[in-house]
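Numbering (the working numbering), first residue to last: 640 to 784. Note that CB positions come from ideal geometry on N, CA and C, so glycine has one too. Everything on this sheet refers to the single structure shown next.
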């Protein structure tokens, strides 16, 4: 076999291997976004599959165990149907009842085990009511870092 033929065949094999690895990597990294009603409509379809669910934290459902660093709560979109969520990790500062969240993880035995918890928030920054900031406060906060 000629040197050039070997080179072309080797290049094709390498290109095919890289294409297959890239395709599989993209497939594994792709995580779809669902609503609670979509997941509850056919829970067996989502069993042990990594997905994202966007919803609101149900009022009165939050249980924070600081010792175990474990957060349990229910998510809902309509206030009628709920998915219990278990998240083991640091509770985000902006997490609260009624807040929009996106959880990423897996459905297991009727509850959602989240690996990631993202808190949705407004893009507007506002100061706490009754709080006044002046230029000197800003300079002090910058210089004291």
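Practice task
With a 10 Å radius around its C-beta and 16 neighbouring C-beta atoms as the bar for buried, classify residue 784 as buried or exposed.
Solution key: With a pLDDT of 45 at residue 784, under the threshold of 50, the modelled position of that residue is not reliable, and the figure given next carries that caveat. Residue 784 counts as exposed, since fewer than 16 other beta carbons sit within 10 angstroms of its beta carbon.
Problem - Inter-residue Cα distance where the pair is residue 755 and residue 735 - result: Rounded to the nearest angstrom, the gap between the Cα atoms of residue 755 and residue 735 is 16 Å.
Handout entry: Proximity to residue 741 [Cα-Cα], best of 694, 654, 650, 648
Key = For residue 741, the nearest C-alpha among the options comes from 694.
Exercise for the section: Name the two residues that bound the continuous alpha helix (DSSP H) containing residue 701. Expected result: Unbroken run through residue 701: none, as it is neither H nor E.
Problem - Of the listed residues 737, 748, 749, 752, nearest to residue 759 (C-alpha basis) - result: Considering only alpha carbons, the answer is 737.
Handout entry: Where residue 749 falls: helix, strand or coil (DSSP)
Key = Residue 749 falls in the coil class under three-state DSSP.
Exercise for the section: State the Cα-Cα distance for the pair residue 725 and residue 700, rounded to the nearest angstrom. Expected result: When rounded, the distance between both Cα atoms is 11 Å.
Exercise for the section: Taking all protein chains shown into account, decide if residue 744 is buried (16 or more other Cβ within 10 angstroms of its Cβ) or exposed. Expected result: Within a 10 Å sphere around the beta-carbon of residue 744 sit 16 or more other beta-carbons, which makes this residue buried.
Problem - Sub-8 Å separation of residue 692 and residue 751 beta-carbons - result: Taking the C-beta atoms as reference points, residue 751 is found nearer than 8 Å to residue 692.
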